[in-house]
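Peer 1: Top line first, the protein sequences correspond to chains A and B. Take the first sequence: its letters are residues 114 to 515, numbered as in my numbering. Take the second sequence: its letters are residues 2 to 189, numbered as in my numbering. Note that beta-carbon positions come from the ideal geometry of N, C-alpha and C, so glycine has one too.
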Amino acid sequence: MTSHAPSAAIRPEQVALPAGSLLARLPVLGAGLFGLGLVLSVVFRSSNPRGFAFAWLNAYLFCLTLALGGLFFLLIQRATQAGWSIAVRRPVEAVVGTLPLFFLLFIPVWLSMGDLYPWSLPAAAHDPLLKWKAPYLNTSFFTVRAIIYFVLWSALALYYTRASASQDRGAGNGPTVAMRRFAPPAILLLALTQTFAAIDWAMSLSPKWYSTMWGVYFFAGAFVGFFGLLLLLVIPLQRGALHGIVTIEHVHDTGKHLFAFTCFWAYIAFCQFFLIWYGNIPEETAYYQVRIHGGWKTISAVLAIGHFIIPFFYLMGRTVKRKPALLAIGAAWILLMHLLDIAWIVLPVSHPEGLSIGAVEIACYLAVGGAFLAGIGWNLKRQALVPTGDPRLRESLAFEVS
Amino acid sequence: MPQLPMVASLPPGPYYGALAEFATPADLYHACEQVRDAGYRRWDAHTPFPVHGLDRAMGMRRSPMPFIVLGMALLGAAAGFGLQYWVHSVEYPLTISGKPYFAWPAYVPITFELGILFGSLGAVFGMLGLNQLPMHWHPLFSSAPFEKASDDTFFISIESWDPKFEPEKTRQFLQGLGARRVELVASE
Numbered sequence: 114m115t116s117h118a119p120s121a122a123i124r125p126e127q128v129a130l131p132a133g134s135l136l137a138r139l140p141v142l143g144a145g146l147f148g149l150g151l152v153l154s155v156v157f158r159s160s161n162p163r164g165f166a167f168a169w170l171n172a173y174l175f176c177l178t179l180a181l182g183g184l185f186f187l188l189i190q191r192a193t194q195a196g197w198s199i200a201v202r203r204p205v206e207a208v209v210g211t212l213p214l215f216f217l218l219f220i221p222v223w224l225s226m227g228d229l230y231p232w233s234l235p236a237a238a239h240d241p242l243l244k245w246k247a248p249y250l251n252t253s254f255f256t257v258r259a260i261i262y263f264v265l266w267s268a269l270a271l272y273y274t275r276a277s278a279s280q281d282r283g284a285g286n287g288p289t290v291a292m293r294r295f296a297p298p299a300i301l302l303l304a305l306t307q308t309f310a311a312i313d314w315a316m317s318l319s320p321k322w323y324s325t326m327w328g329v330y331f332f333a334g335a336f337v338g339f340f341g342l343l344l345l346l347v348i349p350l351q352r353g354a355l356h357g358i359v360t361i362e363h364v365h366d367t368g369k370h371l372f373a374f375t376c377f378w379a380y381i382a383f384c385q386f387f388l389i390w391y392g393n394i395p396e397e398t399a400y401y402q403v404r405i406h407g408g409w410k411t412i413s414a415v416l417a418i419g420h421f422i423i424p425f426f427y428l429m430g431r432t433v434k435r436k437p438a439l440l441a442i443g444a445a446w447i448l449l450m451h452l453l454d455i456a457w458i459v460l461p462v463s464h465p466e467g468l469s470i471g472a473v474e475i476a477c478y479l480a481v482g483g484a485f486l487a488g489i490g491w492n493l494k495r496q497a498l499v500p501t502g503d504p505r506l507r508e509s510l511a512f513e514v515s
Numbered sequence: 002m003p004q005l006p007m008v009a010s011l012p013p014g015p016y017y018g019a020l021a022e023f024a025t026p027a028d029l030y031h032a033c034e035q036v037r038d039a040g041y042r043r044w045d046a047h048t049p050f051p052v053h054g055l056d057r058a059m060g061m062r063r064s065p066m067p068f069i070v071l072g073m074a075l076l077g078a079a080a081g082f083g084l085q086y087w088v089h090s091v092e093y094p095l096t097i098s099g100k101p102y103f104a105w106p107a108y109v110p111i112t113f114e115l116g117i118l119f120g121s122l123g124a125v126f127g128m129l130g131l132n133q134l135p136m137h138w139h140p141l142f143s144s145a146p147f148e149k150a151s152d153d154t155f156f157i158s159i160e161s162w163d164p165k166f167e168p169e170k171t172r173q174f175l176q177g178l179g180a181r182r183v184e185l186v187a188s189e
């Protein structure tokens with residue numbers, strides 16, 4: 114009755130990344146970019162340590178949020194036993210599988226703590242407010258917390274990708290049940306650690322400022338950015354290697370997530386701004402003070418229009434979400450806006466006069482982004498592009514948006 | 002209305018249309034494809050439960066509902082924003098907690114809520130309007146077997162004002178699609 118009847122069996126060559134495709138070249142390409150970026154970064158760090166520190170954190174948070182958004186998505190699919198997403202789960206796992214890498218990529222942030230975080234300097238001991246916050250904002254507890262986050266994220270990423278891979282080798286239904294059982298507590302742990310990481314690494318750049326919406330805002334950007342990245346991985350597969358396995362129905366549903374969380378991001382971003390604007394308390398407004406005046410005013414307007422109004426109308430209709438080329442444009446646009454959103458969070462602290470993406474920022478994007486892309490490519494390459502051993506794969510292949 | 006038996010000669014008109022009865026969803030599905038391909042325009046399928054993919058088998062066009070909802074939502078948002086602008090900036094300006102008269106961020110929640118309200122009202126009443134509901138009587142109700150459309154039987158009805166409708170030919174056409182029985186339903 115359906116036009117996408119699942120084929121009886123998937124042949125192994127159908128679900129391997131074809132050699133020579135852009136995705137198959139990602140590991141080499143990414144490693145090259147990483148090497149180039151790293152060399153340039155080291156050079157810039159010696160001449161301009163503070164500029165480098167902010168540029169690295171900026172690039173780091175951009176990529177890390179995408180991977181964490183992926184982990185959230187993977188856990189939610191497991192907790193809800195979603196059937197539709199099984200066909201696109203391997204690209205999700207490829208993104209999530211890079212999380213252990215971010216432990217290493219965090220080292221430059223840790224080394225630059227003094228340049229990034231005013232509370233870590235000895236002078237903070239003389240500031241009454243920072244002194245009061247010192248039981249939480251101090252270098253040793255900061256380090257311990259970072260280790261806890263990375264251990265938890267890496268453990269979740271490795272468990273969920275490896276248990277899924279074990280089913281390709283005939284592990285049967287057991288891992289599916291175990292992964293589902295563990296998903297709800299894992300979501301809670303991830304929500305807590307990601308919120309505290311957002312506070313530690315981004316909010317404490319301005320240690321006297323606080324926003325109770327911060328964790329949700331950070332999550333909203335991470336989640337919507339991840340769907341942009343996922344679509345850019347899924348659409349080439351749907352049109353190429355996985356033609357007839359990953360269908361327009363899967364692309365359409367991923368596109369719906371992109372649209373929905375674009376709205377969610379706008380809702381949360383506005384809520385955060387609105388309450389601070391309305392309350393008009395100096396400690397809170399300091400954050401927006403620098404961002405709605407001077408050069409950053411333009412970026413704030415670009416974010417409001419480009420991260421919400423344009424994609425809201427562009428992605429709303431069914432037609433765009435069912436035309437892969439058009440949806441890919443929307444996905445790339447959202448990814449670009451997420452990059453701008455992170456820059457808008459991090460860079461005004463070091464460059465209050467306005468956005469300037471210079472050589473050091475680009476070098477850091479190359480280094481962190483290159484490592485991230487290499488990780489994704491390597492994860493895609495080393496296993497089947499759809500989880501052939503998943504007991505519910507047939508259900509996913511037959512999925513249709515009604 | 003007496004139930005019309007399957008007869009060789011045609012009952013007297015005027016007709017509402019022809020009603021064909023099918024035993025299974027699969028029979029109905031394939032019959033719908035053929036009614037669609039035969040070029041009928043004014044017809045419908047009646048099932049006790051949603052049949053997956055039937056909209057495609059019937060060749061149904063996209064509903065205009067999304068545009069009704071979007072239009073209403075934009076109208077609501079404009080009304081919400083306009084009302085607040087007019088009240089706070091034009092007609093009765095007041096200084097509230099030191100904000101300017103045209104404090105647009107403060108207008109956003111009401112603008113958003115009215116957009117949602119008008120959009121959902123557009124969805125409900127648009128749906129009722131497009132389905133011509135509420136409708137307390139329908140000519141098909143005069144067919145006793147049609148009661149089973151909410152139980153275990155699947156129907157196709159072709160309306161007499163379809164350009165291709167000819168009582169005897171349409172009846173035979175439906176019969177040829179594997180219908181269990183076909184009747185011509187009088188109008189009223």
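Using the beta-carbon count (16 or more within 10 Å), is leucine 129(B) buried or exposed?
Peer 2: In the second sequence, the residue the question calls residue 129(B) occupies position 128. Residue environment analysis places leucine 129(B) among the exposed positions, since fewer than 16 neighbouring C-beta atoms fall within 10 angstroms of its C-beta.
Peer 1: Identify the contact partners of tryptophan 516(A) in chain B, using a Cβ-Cβ distance below 8 Å as the criterion.
Peer 2: In this structure chain A extends from 114 to 515, so residue 516(A) is not present and cannot be described.
Peer 1: Which class does leucine 468(A) belong to by DSSP, given the choice of helix, strand or coil?
Peer 2: Working through the first sequence from its first residue, we reach residue 468(A) at position 355. Three-state result, leucine 468(A): coil.
Peer 1: Flag this pair as yes or no: are the beta carbons of glycine 179(B) and alanine 46(B) separated by less than 8 Å?
Peer 2: By 1-based counting over the second sequence, the position of residue 179(B) is 178. By 1-based counting over the second sequence, the position of residue 46(B) is 45. No, the Cβ-Cβ distance between glycine 179(B) and alanine 46(B) is not below 8 Å.
Peer 1: Quick one: what does DSSP say alanine 19(B) is sitting in, helix, strand or coil?
Peer 2: Position 18 of the second sequence holds residue 19(B). In this structure, alanine 19(B) counts as strand in the three-state DSSP scheme.
Peer 1: Any beta carbon of chain B sitting closer than 8 Å to that of phenylalanine 383(A)?
Peer 2: As a first step, residue 383(A) is located in the first sequence; it is residue number 270 there, counting from the start. Taking Cβ atoms only, chain B reaches closer than 8 Å to phenylalanine 383(A), which makes this a yes.
Peer 1: In chain order, what residues of the same chain lie with their CB nearer than 8 Å to the CB of methionine 100(B), ignoring the 5 residues before and after it?
Peer 2: As a first step, residue 100(B) is located in the second sequence; it is residue number 99 there, counting from the start. A quick correction: the sequence has lysine, not methionine, at residue 100(B). So the qualifying residues of the chain are Ala107.
Peer 1: Leaving out five residues on either side along the sequence, give the residues of the same chain with a beta carbon under 8 Å from the beta carbon of tyrosine 205(B).
Peer 2: Limits of chain B in this structure are 2 at one end and 189 at the other, which puts residue 205(B) out of reach.
Peer 1: Enumerate in chain order the residues of its own chain whose CB-to-CB distance from threonine 289(A) is below 8 Å, with the five nearest sequence positions on each side excluded.
Peer 2: The residue labelled residue 289(A) in the question sits at position 176 within the first sequence. In the same chain as threonine 289(A), and ignoring 5 residues on each side of it, the C-beta atoms closer than 8 Å to its own belong to Gln280, Asp503, Pro504 and Arg505, in chain order.
Peer 1: Hey, is phenylalanine 387(A)'s beta-carbon within less than 8 Å of any beta-carbon in chain B?
Peer 2: Translated into positions along the first sequence, residue 387(A) becomes position 274. Taking Cβ atoms only, chain B reaches closer than 8 Å to phenylalanine 387(A), which makes this a yes.
Peer 1: Please list, in chain order, all residues of the same chain as leucine 149(A) whose beta carbon is under 7 Å from its beta carbon, the five residues on each side excluded.
Peer 2: Looking up residue 149(A) in the first sequence gives position 36. Result list for leucine 149(A): Leu479, in chain order.
Peer 1: When the distance is taken between beta carbons, is serine 154(A) closer than 8 Å to cysteine 384(A)?
Peer 2: Locating residue 384(A) in the first sequence gives position 271, counting from the first residue. Locating residue 154(A) in the first sequence gives position 41, counting from the first residue. No.
Peer 1: What is the rounded straight-line gap between the Cα of serine 120(A) and the Cα of serine 198(A)?
Peer 2: On the first sequence, residue 120(A) is found 7 positions in, with the first residue counted as 1. On the first sequence, residue 198(A) is found 85 positions in, with the first residue counted as 1. Because serine 120(A) carries a pLDDT of 46, less than 50, the predicted location of this residue cannot be relied on, and the following value inherits that uncertainty. Distance between the alpha carbons of serine 120(A) and serine 198(A): 18 Å.
Peer 1: Whole angstroms is fine: what's the gap from glycine 120(B)'s alpha carbon to isoleucine 423(A)'s?
Peer 2: Here the question's residue 120(B) lines up with position 119 in the second sequence. Here the question's residue 423(A) lines up with position 310 in the first sequence. Cα to Cα, glycine 120(B) sits roughly 20 Å from isoleucine 423(A).
Peer 1: What residue does the alpha helix (DSSP H) around histidine 137(B) start on, and which one ends it?
Peer 2: Here residue 137(B) refers to the residue found at position 136 when the second sequence is read from its first residue. Element bounds for histidine 137(B): n/a, residue is neither H nor E.
Peer 1: Can you tell me whether methionine 7(B) is helix, strand or coil according to DSSP?
Peer 2: Your numbering for residue 7(B) matches position 6 in the second sequence. Low confidence applies here, because methionine 7(B) scores a pLDDT of 49, under 50, leaving its location unreliable and the question unanswered by this model.
Peer 1: Inspect the beta-carbon positions of phenylalanine 263(A) and phenylalanine 216(A) and report whether they are closer than 8 Å.
Peer 2: Stepping through the first sequence from its first residue, residue 263(A) is reached at position 150. Stepping through the first sequence from its first residue, residue 216(A) is reached at position 103. Result yes, Cβ atoms of phenylalanine 263(A) and phenylalanine 216(A) sit closer than 8 Å.
Peer 1: Does the segment 221-236 of chain A come close enough to the segment 162-176 of chain A to have 3 or more Cβ pairs within less than 8 Å?
Peer 2: yes
Peer 1: Compare the Cα-Cα distances from histidine 89(B) to each of Ala79(B), Tyr102(B), Phe113(B) and Tyr16(B) and report the closest residue.
Peer 2: Locating residue 89(B) in the second sequence gives position 88, counting from the first residue. Closest option to histidine 89(B), Cα to Cα, is Tyr102(B).
Peer 1: Since serine 158(B) is in the beta strand (DSSP E), which residue starts that stretch and which ends it?
Peer 2: Numbered from 1 along the second sequence, position 157 holds the residue referred to as residue 158(B). Here the beta strand (DSSP E) through serine 158(B) covers 155-160.
Peer 1: Please confirm whether histidine 420(A) and tryptophan 390(A) have their CB atoms less than 8 Å apart.
Peer 2: For the purposes of this step, residue 420(A) is taken as residue 307 along the first sequence, with counting starting at 1. For the purposes of this step, residue 390(A) is taken as residue 277 along the first sequence, with counting starting at 1. No, they are not a contact pair.
Peer 1: Using a Cβ cut-off of 8 Å (strictly closer), state whether valine 36(B) contacts chain A.
Peer 2: As a working note, residue 36(B) is residue 35 in the second sequence. Chain A, which has no Cβ nearer than 8 Å to the Cβ of valine 36(B), makes this no.
Peer 1: Say whether chain A places a C-beta atom closer than 8 Å to the C-beta of phenylalanine 174(B).
Peer 2: As a first step, residue 174(B) is located in the second sequence; it is residue number 173 there, counting from the start. Not closer than 8 Å to any Cβ of chain A, the Cβ of phenylalanine 174(B) fails to qualify, so no.
Peer 1: Going by DSSP in three states, alanine 187(B) sits in which element: helix, strand or coil?
Peer 2: Within the second sequence, numbered from 1, the residue matching residue 187(B) stands at position 186. Three-state DSSP puts alanine 187(B) in a strand.
Peer 1: At which residues does the beta strand (DSSP E) containing histidine 47(B) begin and terminate?
Peer 2: Translated into positions along the second sequence, residue 47(B) becomes position 46. According to the DSSP assignment, histidine 47(B) belongs to the beta strand (DSSP E) that extends over 44-47.
Peer 1: Spatial neighbours of glycine 368(A) within its chain, please: CB distance less than 6 Å, with the 5 preceding and 5 following residues excluded, ordered by chain position.
Peer 2: Stepping through the first sequence from its first residue, residue 368(A) is reached at position 255. The residues are Lys434 and Leu440.
Peer 1: Between Leu346(A), His363(A) and Ser319(A), which has its C-alpha nearest lysine 494(A)'s C-alpha?
Peer 2: Start at 1 with the first residue of the first sequence, and residue 494(A) comes out as number 381. If you compare the alpha carbons of Leu346(A), His363(A) and Ser319(A) with that of lysine 494(A), the shortest gap goes to Leu346(A).
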